[in-house]
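Position 45 (the sequence shown) corresponds to 50 in the numbering used here; numbering is contiguous.
Right, one structure below, let's go through it.
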Amino acid sequence: MGDYPLYDDTCYSLELNCKAHITEWGVEIAFGAESDVMFTGGQVSKGAKVHDCVVEEGALVPEGVKIAGERAFPKIVCADSLAQADELFDPTVIAYSGKISGQTDSHNGLPVLSALSKGEELLSLVLAKAFPILPQSDPDCCSACGRNCYQLAGEILQGLAKREDCVLDGKSDLILEVGGSAVTIVPFVQKLLRDSVLAFVDNLKDIPPTGDISIKVRR
Ligand code: SF4
């Protein structure tokens, strides 16, 4: 992990690569491998999966803001310069880190914290700002809260909205569980499935007109 200190109960993506010359092809090829690593109790826990690491009250910090784009979660921008910090700024950014932490303590009204010298502060900020991840629905499929997930995440972080404003979680009229875990379904598909099941059940004989309906599919 180089100079970065490891904290208990945190997860990392371990990226390895090596290069080899392929004689038959006459070129050098890079081989990459990536593995989830959980650091807990002062030790590396082998075989951990990232989703196992997202514990209650915990947070997942993905890598790559540019790749994340308009994703609906809090972000820390690691910037080389103030110009790059401005370029990568969006309403879901909660702090800056990286090379600019040697230049200023705040930028765009956000703290600038070095991961090397202010790791604890950075971690506290992440835990303070983190909220249960939004469904990340395609904007074409869901705008039931009056915005898209990215916009709601930004408003939550600005203190203008609450996580509960997502009307999809746990409040829908159709709940799908796969392997015991609830699966979020966009309103359009929910309505389609619900209407289909209701139409089928309503056509059965001697079925009471009220009461919840459960279907279990074995596989
Ligand atoms: S209701 Fe929830 S899932 Fe739908 S757009 Fe809003 S935040 Fe996203």
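Where a beta carbon is used, it is the ideal one built from N, C-alpha and C, also for glycine.
Since the model is a prediction, treat every value here as computed from it, not as a measurement.
Three CB pairs or more closer than 8 Å across the segment 178–196 and the segment 110–117:
no
Spatial neighbours of Ala120 within its chain, please: CB distance less than 7 Å, with the 5 preceding and 5 following residues excluded, ordered by chain position.
Tyr9, Ser102 and Leu127
Heavy atom of the ligand ZN less than 7 Å from the Cβ of Cys171, yes or no?
Annotation note on the ligand ZN: not contained in the displayed structure, which lists the ligand SF4 as its ligands.
Quick check on Val82: does DSSP put it in helix, strand or coil?
strand
What residues match up with Tyr17 in a beta bridge as DSSP calls it?
Val42
Can you tell me whether Glu61 is buried or exposed, with buried defined as 16 or more other CB within 10 angstroms of its CB?
Reliability of the predicted coordinates at Glu61 is poor, the pLDDT of 46 falling under 50, and no value is obtained from them.
Short Cβ contact (8 Å threshold) for Gln163 with Ala77:
No; because the gap between Cβ atoms is not below 8 Å, this pair is not in contact.
Gly124 to Gln48, Cα distance in whole Å?
19 Å
Have a look at the DSSP bridge pairing and note the partners of Val117.
Tyr101
For Ala100, which option in Lys134, Ser122 and Ala88 has the closest C-alpha, if you only look at C-alpha atoms?
Lys134
Are there 16 or more other CB atoms within 10 angstroms of the CB of Ser106, so buried, or fewer, so exposed?
buried
Applying the criterion that 16 or more other CB atoms from any shown protein chain within 10 Å of the CB defines a buried residue, is Tyr12 buried or exposed?
Under this definition Tyr12 is an exposed residue.
With 16 as the cutoff for other CB atoms within 10 Å, does Cys83 come out buried or exposed?
buried
For Asp145 and Leu209, the rounded distance between their alpha carbons
35 Å
Could you have a look at Leu209 and say whether DSSP puts it in helix, strand or coil?
coil
Flag this pair as yes or no: are the beta carbons of Asp178 and Leu157 separated by less than 8 Å?
no
Which of the three DSSP states is assigned to Gln48 in this structure?
strand
Just list the beta strand (DSSP E) runs in the segment 139–220, keeping only unbroken ones of 3 residues or longer that don't cross its boundaries, in chain order.
181–183 and 186–188
Inter-residue spacing [alpha-carbon to alpha-carbon] between Thr28 and Glu39:
26 Å
Out of Pro96, Gln108, Asp95 and Val202, which one is the CA nearest neighbour of Asp85?
When C-alpha distances from Asp85 are compared across Pro96, Gln108, Asp95 and Val202, the shortest belongs to Gln108.
Count the other C-beta atoms from every protein chain shown that fall within 10 angstroms of the C-beta of Val98, then say buried if there are 16 or more, exposed otherwise.
buried
Any idea if Ser219 is buried or exposed, counting beta-carbon neighbours within 10 angstroms, 16 or more meaning buried?
exposed
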